[in-house]
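Chains as they are written, first to last, in my numbering: chain L, 1 to 380; chain S, 381 to 760.
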DNA sequence: CGGAATTTCGTAAACGTTTACGAGATCAGG
DNA sequence: CCTGATCTCGTAAACGTTTACGAAATTCCG
């Protein structure tokens, strides 16, 4: 079933069929109706290969996620929620979102290269950026509309969006130091994941602003998983001089950490203060005591990606040049009961402290709310 | 940069270039080397639109996931792990895996229709099947190689793979009834997700085999999320005649359930026995007491999908017809401490029972191990 | 050395679209 | 009725490949 069949069936030329389907002006209203009706009835829609060959564009936007860094980087519904936001915007522009999944065996660089060279997409979103990320250099050079989800030290000017790790660090350290904590550990992903370093350095700077140092042995790098969080707990508890507070930059780290602490009879909040992440909405629910954590609106973030991607693609189509966008995405601090005033005997000896103090719920935001997008969309 | 440019640059014809790149025999070893070298140096790879237009096949396999059922049905780590397996097999056959994400606003039926009509893929995997699933009828009719991930009542003969919910039900009920439980609740997804019904009916049958009935009010259908699991707990505890055991067919359900139970001061295992799922490897780690649960090898499952998809595609290419495959995937029971002998006063009054009894670790399997695939691949 | 067999390559058609161009039909206005 | 404008449509080229076909060059073998 192709355009010739349809044309023959209607006794008109393929040119007219094409024009009718593509909504061009020079076709009578009557024939257009006939064509549309017949197309629907016979289940015809234009072959994508033929169309994009002729048009020179595919109408597809790629979103690349990486396997070995994926279960790593964030768990569960994180990306799917972002997809939702991207999709909702692209659909309005007749663009399709396709997800390219770079498997364990494949190199992200050659994977992105294949996608581009073979002309699979009109635009690409690359996630899970590393500090040096050759994908970015390559994409700049190729002049393909793209957005990096995550910052990187690579490449020149380009569009990116990233979470406000500096804001998170500042607020975390602010909260803990106000509660009297001075020896604070930082749990961060192992491997060359850019935000791990961003976050660590931001914590260091926040501490320095308060006259404190971040000892190197307090930077704990572990695989991003519940198991990794568990090991963070082990390393924490094994320290001669145990920290009184710890900040963890990812969901599963905090969960695994909780697990180890409880196994060891160390109560989060009472014995050691924990600040965590809650990038997917329903996750922190079950942790007891409730985790002090940062949450964010991932659907809106996805919408931002989609909106800017459309801008980039349309600009290129029109031959215009528009400024790249760089966006730092705000997170919201939700104070739970896992952060408490430091115990007087701050050497880590378990000592009971009022379990209620400091648990009054507070909320603040790491950055000004995005002006581009509508208000938050609470999920589930 | 297209094949003409490359040919001109090498002073040979485009036919030769194409043959060289596609590994055909009728090209001298020397020119092949020259072509490959030049292609790599100039960053040329064949345009996919042109290639698939001519070939009539795209070399892509689609994997469709659905938004509103996705966060619902299973988390992201679930699918990503499956992708890994599929990908690893497809890559060997020079096939690409692309993930189509059907967003919240889109209908899965029209989405799959578009994918097929526009000729985007050589084969398609559809997941999250419903009881009546028009996608399946449509795909059968279209004669496109496809596999359903999940059973359905729709459609005639076709290939599918599904988890062994019957085995899970049988083993769960067996375990609980051996421990003396007679009043057992079933927590299952709300909505028309096929496996919810399969599982419920399998539980009902397993109970019947032991002379027990499954009361309708003991079938608790809730959204598949931690919040849903929490509501399961609420409904459970609100019952006049509280069940002594509960089986939950999904990860997050068990997690939310635990949360509610603990909030209410009801100890899993001691006060109520819980059997859960652990479809993603690292999840159950942190639950205390350790959850009695079913686990499975998702990468291997993905490999099975990939392998069979390759068979289907190659058969179609060769014009042959091969039998469809139907596969029930085994799960492994891991007995934790959340299942205990029923308390003598089985009316739900919290009563202390030996916390160690019944906690000896056992492992068994719901079905014979797949003969097709190699042994398990433990994942962090 | 001559013919056949083999190796290597160029030519051109085909895949299914979109669109520039131009032609016929219709219409308005004088 | 004539001219020009407008509306509607058909024709054909082009997008970048792959591949059937045949031709030229080389090798083989008696």
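For glycine and all other residues, C-beta sits at the position ideal for the given N, C-alpha and C.
Think of a sphere of 7 Å around the beta carbon of residue 500 (chain S): the chain L residues whose beta carbon falls inside it are 48, in chain order.
Assigned with DSSP and collapsed to three states, residue 394 (chain S) falls in helix. Residue 618 (chain S) sits in coil when the DSSP states are folded into three classes, being neither helix nor strand. Within its own chain, the residues whose Cβ lies closer than 6 Å to the Cβ of residue 166 (chain L), once the five positions on either side in sequence are excluded, are 202, listed in chain order. Excluding sequence positions up to five before and after residue 642 (chain S), its CB lies less than 7 Å from no other CB in the same chain. Residue 232 (chain L) is not a Cβ neighbour of residue 224 (chain L), given a cutoff of 7 Å.
Counting along the chain, residue 80 (chain L) sits inside the alpha helix (DSSP H) bounded by residues 78-92. Per DSSP, residue 643 (chain S) is one residue of the alpha helix (DSSP H) stretching across 631-643.
Residue environment analysis places residue 250 (chain L) among the buried positions, since at least 16 neighbouring C-beta atoms fall within 10 angstroms of its C-beta.
Residue 604 (chain S) sits in coil when the DSSP states are folded into three classes, being neither helix nor strand. Residue L:269 holds the alpha-carbon nearest to the alpha-carbon of residue 291 (chain L) among L:146, L:130, L:269 and L:311. The beta carbon of residue 705 (chain S) sits closer than 6 Å to the beta carbons of 539 and 688 from its chain, once the five residues preceding and following it are set aside; these are given in chain order. Per DSSP, the continuous beta strand (DSSP E) segment holding residue 481 (chain S) begins and ends at 476-482. In this structure residue 315 (chain L) is not in contact with residue 248 (chain L), their Cβ atoms being roughly 40 Å apart against a cut-off of 8 Å.
The distance from the Cβ of residue 98 (chain L) to that of residue 60 (chain L) is about 5 Å, consistent with a contact at the 8 Å cut-off. For the set S:497, S:587, S:503 and S:405, the Cα lying nearest the Cα of residue 555 (chain S) is the one of S:587.
DSSP, reduced to helix, strand and coil, places residue 324 (chain L) outside both helices and strands of the structure shown, so it counts as coil. By the beta-carbon neighbour count (other beta carbons within 10 angstroms, threshold 16), residue 41 (chain L) is exposed. Here DSSP, grouped into helix, strand and coil, assigns residue 339 (chain L) to coil. Using a Cβ-Cβ cut-off of 7 Å, residue 250 (chain L) does not count as an interface residue toward chain S, since no Cβ of chain S sits closer than that to its own. Interface annotation, residue 87 (chain L): in contact with chain S, CB-CB separation under 7 Å. Judged by DSSP in its simplified three-state form, residue 713 (chain S) adopts strand. The beta carbon of residue 439 (chain S) does not come within 7 Å of any beta carbon belonging to chain L, so the residue lies off that interface. Going by DSSP, residue 543 (chain S) is part of the beta strand (DSSP E) stretching over 539-543. Taking a contact as a CB-CB distance under 8 Å, the pair residue 608 (chain S) and residue 635 (chain S) does not count as one, their CB atoms being some 10 Å apart.
Under the Cβ criterion of 7 Å, residue 503 (chain S) is not counted among the residues facing chain L.
Going by C-alpha positions, residue 594 (chain S) is about 8 Å away from residue 565 (chain S). Collapsing the DSSP output to three states places residue 438 (chain S) in coil. Using a Cβ-Cβ cut-off of 7 Å, residue 277 (chain L) does not count as an interface residue toward chain S, since no Cβ of chain S sits closer than that to its own. Going by beta carbons, residue 302 (chain L) and residue 84 (chain L) fall inside the 7 Å limit. For residue 67 (chain L), a Cβ of chain S is located within less than 7 Å of the residue's own Cβ. Beta-bridge analysis with DSSP links residue 529 (chain S) to S:507 and S:541. Taking the Cβ atoms as the reference, residue 433 (chain S) lies roughly 5 Å from residue 53 (chain L), within the contact range of under 8 Å.
If you look at residue 293 (chain L), you'll find it in the beta strand (DSSP E) that goes 292-295. At least one beta carbon of chain L lies nearer than 7 Å to the beta carbon of residue 433 (chain S).
In the three-state DSSP reduction, residue 488 (chain S) falls in the helix class (H, G or I).
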